[in-house]
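As they're listed, the protein sequences go chains A and B. Going from the first sequence to the working numbering is simple: count from 1 and add 399. Going from the second sequence to the working numbering is simple: count from 1 and add 209. Structure, as structure tokens:
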Amino acid sequence: MSNDLFPANGSNQQAMANSEDVIDPIDGTISIVTPENITFRYSVAGPFQRVTAFAIDFLIRLGIIIMLLVLTLALVSSIGEIGVGFFLLSNFILNWFYGAVFETYMNGQTPGKRLMGIRAVTVDGKPINAMQAVMRNLIRTADTYPLVSPAMFGIEFTDNPVYQSAFIPTFIMGLVVMSMNKRYQRIGDLVAGTMVIVDQRKSTFGLIDVRSPAVLQIAAMVPATFRADQEMSQALAHFVDQRPRLSDARRREIATHLTKPLSKELGLPPHLNPDLLLQALYYRAFVSDAQEELAQLAPTAVLQYHIPAQQPVGFGQPPVQLHAYPSAHPQPARPGHPGHPGRPGRPPHGGLMQ
Amino acid sequence: MQFDKTHIQIRNRTESELLDISLHVFRRFPVQIVTSFLVLAIPLLLINDLLLSHVLTIEFNATQYGSQSIVETEFTTSDLNFTMYIYLQIVLIITLAPIASILSTMMLSKLIFNEKPTIKGLIRSTRSCFWNIVLAFGFRRGVFIMIGLLLLLFDYGQDTRQIVLTFYTLTFIFILLVRGNRPYTLEIILLERPGRDSGQGMTLGQRSKMLHTATGGNVLGRSMFGLLVGILFSLCLYGAITFFSMSLFTESGTIESSVFAARWIFPISCWLAVCYTSVVRFMNYIDTRILTEGWEAELKIRSEAYKLQQRQQPGTSW
């Protein structure tokens with residue numbers, strides 16, 4: 400594939416020349432190293448991840464204010480103007496301390512934040528205290544500036560001065576401040592030394608069923624000593640998770656990167672289908688030793704090694720030609736490779752990822 | 210391409226994450242993105258003003274006063290048709306947005322893969338896509354039709370104006386639906402360089418269909434969400450810029466300041482929002498390709514392969 404995003408020749412040289420530069424990739428995550436030298440990685444919630452939580456909290460507050468208003472109207476007839484005072488006081492407390500109270504007692508979360516799976520913590524990753532919760536919520540108003548009037552948008556319903564006064568928040572101040580720092584801290588966060596992190600990261604992987612006779616056959620060839628370390632397990636899991644969305648040619652292209660060094664390391668035949676090999680390794684890493692299952696399936700399936708000619712990468716390519724055949728024509732295991740019955744499979748160089 | 214040498218971590222993200230990450234991208238490359246965007250946005254801003262500013266004149270609005278003399282009547286800003294002007298301006302900006310973001314998209318594609326492009330170089334490399342862009346956006350997406358309809362507003366009276374505006378609205382709805390379903394057409398033209406016919410590899414139509422149908426209805430949803438964010442962002446920017454400009458330079462409520470705000474502050478706010486949404490659209494495009502082409506998996510697989518190869522080199526011990 401050759402295009403501007405995937406430079407073929409000339410642009411590559413420039414990219415290679417620049418590739419020596421050290422890059423800190425933008426990812427919306429930050430690392431915190433504890434005094435014990437343990438690194439924690441947090442996904443920081445930016446303005447657009449936080450706005451939904453804010454909207455939920457706003458609606459909750461609005462609901463409570465409406466209830467208070469109804470209550471006040473009911474009380475005014477019996478207790479007079481004290482009822483109005485009660486409403487104003489409640490409104491003030493609700494608007495200014497709603498966030499602070501919830502964040503203090505719900506470990507950095509308001510109902511909106513809990514629903515959205517985000518949480519306010521200190522910049523060291525510790526739970527926030529009451530003072531920090533109060534500080535970050537008191538200064539919230541500054542983020543809503545500048546305030547504008549409906550008249551500024553040409554909306555002039557009446558001569559009522561309300562429409563001339565500025566009360567519509569634009570949130571530009573908050574947005575600018577948040578985009579100026581790596582932790583997406585708004586002014587209140589900067590003052591209180593806090594940030595908002597994503598509390599619940601949904602796992603992208605379940606265990607995926609890759610069992611097929613061909614995969615099990617290859618899985619059985621993999622030496623018993625094979626152990627996938629954390630990075631290898633993650634790579635295999637990512638591949639198996641994403642492969643249903645990929646064309647066969649693209650699966651093969653991705654898997655091929657790892658096939659050659661892995662085959663060498665594990666002493667496997669070089670022409671194994673790369674896609675199947677990675678599935679087999681996934682199976683071995685996450686599910687089980689394939690031997691038992693293979694014993695049941697082996698009589699009915701055997702691999703045919705067939706590598707088609709190089710195909711262009713893209714969607715809708717013809718499927719990879721690897722078939723399961725009845726055991727009438729089994730391919731004999733070659734002496735000297737791990738599949739041979741006379742020699743238990745083991746990697747030639749003392750094993751990988753043990 | 211070196212996935213491990215990008216300015217953006219290659220991984221699949223949610224829509225809100227992409228909006229946040231776009232702010233970070235803006236923070237890292239503000240000058241490059243804004244400069245490359247303004248190269249095309251400023252001429253378009255001026256063209257729009259040329260096409261639309263007459264709506265904010267007494268002559269254009271005078272027909273509603275019948276036989277009253279324009280000279281004798283005392284006019285105020287409330288006599289001008291601001292609503293129609295704002296509507297026409299918004300529609301035109303949304304229609305022209307992809308064209309304005311041609312160079313900023315090219316710039317981003319180079320920047321995130323750690324290249325250092327120049328505006329001249331970008332213009333040179335975009336030249337080969339010129340006809341594809343004209344075909345896709347000028348004709349199929351109605352840019353020329355919209356401009357033609359606006360030109361008709363110059364000369365004809367009230368009755369014809371209604372017909373022209375109806376066509377204008379219908380064309381805009383059509384454009385919205387088409388673009389909503391195929392939001393990454395510009396990115397495909399600029400970055401994947403599709404062939405004109407199937408003999409030259411995959412055509413624009415084929416590539417577009419593959420990319421846009423790979424994630425199902427997600428594309429339309431993201432596209433509409435992006436539009437909504439863009440509109441809200443424009444309004445917030447307009448409010449903020451008007452607030453600051455009125456506070457610092459003018460006294461609000463005069464005919465001059467209202468017309469100035471409508472003619473210049475409003476379109477500038479909209480174009481700034483378009484600049485941001487072009488980054489968001491590019492990030493969405495990258496995200497879709499990460500998902501459909503398995504970039505994230507490839508990055509991890511290649512990293513593991515590299516480690517193995519290093520280990521297998523003679524004399525290397527771990």
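All residues carry an ideal CB built from backbone N, CA and C; glycine is no exception.
Contact under 7 Å by Cβ, residue i with residue j
i: B/Gly404; j: B/Leu429; result: no
i: A/Val582; j: A/Val475; result: Looking at the sequence provided, one finds Arg at residue 582 of chain A rather than Val. Going by C-beta atoms, A/Arg582 is not nearer than 7 Å to A/Val475.
i: B/Phe246; j: B/Cys445; result: no
i: B/Leu374; j: B/Ala309; result: no
i: A/Gly511; j: A/Ala452; result: yes
i: A/Phe638; j: B/Ile299; result: no
i: A/Pro568; j: B/Thr215; result: no
i: B/Arg391; j: B/Glu224; result: no
i: A/Asn658; j: A/Leu635; result: Just to set this straight, residue 658 of chain A is Thr in the shown sequence, not Asn. Not a contact, by the Cβ cut-off of 7 Å.
i: B/Ala423; j: B/Thr304; result: no
i: B/Ser467; j: B/Tyr447; result: no
i: A/Ile586; j: A/Ala623; result: no
i: B/Gln489; j: B/Gly435; result: Reading the sequence as shown, one finds Val at residue 489 of chain B and not Gln. Result yes, Cβ atoms of B/Val489 and B/Gly435 sit closer than 7 Å.
i: B/Gln518; j: A/Pro660; result: yes
i: A/Ala684; j: A/Ala627; result: yes
i: A/Leu645; j: B/Gly357; result: no
i: B/Tyr296; j: B/Leu265; result: no
i: B/Cys338; j: B/Ile398; result: yes
Within-7 Å CB hit, residue i to chain A
i: B/Lys418; result: no
i: B/Ile477; result: no
i: B/Gln298; result: no
i: B/Ser443; result: no
i: B/Ala345; result: no
i: B/Gln522; result: no
i: B/Asp229; result: yes
i: B/Leu232; result: yes
i: B/Ile217; result: yes
i: B/Leu517; result: yes
Nearest to residue i (by Cα), restricted to the options the options
i: A/Met577; options: A/Gly666, A/Ala565, A/Val590, A/Arg683; result: A/Val590
i: B/Leu420; options: B/Pro476, B/Thr497, B/Tyr296; result: B/Thr497
i: B/Tyr494; options: B/Leu317, B/Phe269, B/Thr304, B/Gln241; result: B/Leu317
i: A/Gly484; options: A/Asn672, A/Phe496, A/Leu468; result: A/Leu468
i: B/Ser231; options: B/Thr304, B/Thr314, B/Ile308, B/Phe381; result: B/Thr314
i: A/Leu461; options: A/Val432, A/Ala654, A/Asn494, A/Arg642; result: A/Asn494
i: A/Ile463; options: A/Phe439, A/Asn490, A/Met620, A/Arg449; result: A/Asn490
i: B/Val438; options: B/Arg402, B/Phe452, B/Thr486, B/Phe453; result: B/Thr486
i: B/Asn427; options: B/Tyr393, B/Asp368, B/Glu507, B/Phe322; result: B/Tyr393
i: B/Ser456; options: A/Ala654, A/Ser548, A/Val597, A/Leu606; result: A/Ser548
i: A/Phe486; options: A/Tyr497, A/Ser477, A/Ile465, A/Phe501; result: A/Ile465
i: A/Leu671; options: A/Tyr681, A/Gln616, A/Glu630, A/Gln641; result: A/Gln616
i: A/Ile492; options: A/Leu537, A/Thr471, A/Ile481, A/Arg518; result: A/Leu537
Residue i versus residue j - alpha carbon distance
i: B/Gln371; j: B/Phe346; result: 25 Å
i: B/Tyr377; j: B/Thr292; result: 15 Å
i: A/Ala499; j: A/Asp588; result: 13 Å
i: A/Asp456; j: A/Pro446; result: 15 Å
i: A/Tyr544; j: A/Met579; result: 16 Å
i: B/Glu226; j: B/Arg472; result: 34 Å
i: A/Asp755; j: A/Arg651; result: Residue 755 of chain A cannot be examined here, being either before or after the span of chain A that is shown, 400 to 753.
i: A/Val432; j: A/Val522; result: 11 Å
i: A/Ala689; j: A/Thr503; result: In this prediction, A/Ala689 has a pLDDT of 48, which is less than 50 and means its spatial position is unreliable; what the coordinates show is noted afterwards. Rounded to whole angstroms, A/Ala689 to A/Thr503 spans 52 Å at the Cα level.
i: B/Glu507; j: B/Leu312; result: 29 Å
i: A/Phe566; j: A/Ala550; result: 11 Å
i: A/Phe625; j: A/Ala618; result: 10 Å
i: B/Leu253; j: B/Val343; result: 15 Å
i: A/Thr593; j: A/Ile527; result: 7 Å
i: B/Ile219; j: A/Asp426; result: 8 Å
i: B/Ile354; j: B/Leu385; result: 14 Å
i: B/Glu396; j: B/Leu441; result: 24 Å
i: B/Leu228; j: B/Ile217; result: 13 Å
Minimum Cβ-Cβ distance from residue i to chain B less than 7 Å
i: A/Asp582; result: The question names Asp, but residue 582 of chain A in the sequence shown is Arg. Judged by the 7 Å Cβ criterion, A/Arg582 is not in contact with chain B.
i: A/Asp647; result: no
i: A/Ala634; result: yes
i: A/Ile425; result: yes
i: A/Met631; result: yes
i: A/Phe566; result: no
i: A/Ala621; result: One point to set straight first is that residue 621 of chain A is Val, not Ala, in the sequence displayed. Output row for A/Val621: interface = no.
i: A/Tyr704; result: Model confidence at A/Tyr704 stands at a pLDDT of 39, short of 50, so the residue's coordinates are unreliable; what they give is reported in the following sentence. Chain B, which has no Cβ nearer than 7 Å to the Cβ of A/Tyr704, makes this no.
Can you give, in chain order, each stretch of the alpha helix (DSSP H) that sits fully within the stretch 563 to 625 of chain A and has at least 4 residues?
571 to 578, 586 to 591, 612 to 620
Contiguous alpha helix (DSSP H) assignments of at least 4 residues, all confined to the stretch 656 to 686 of chain A
673 to 681
Which complete alpha helix (DSSP H) runs does the stretch 455 to 525 of chain B hold, if anything under 4 residues is left out?
464 to 469, 475 to 502, 504 to 521
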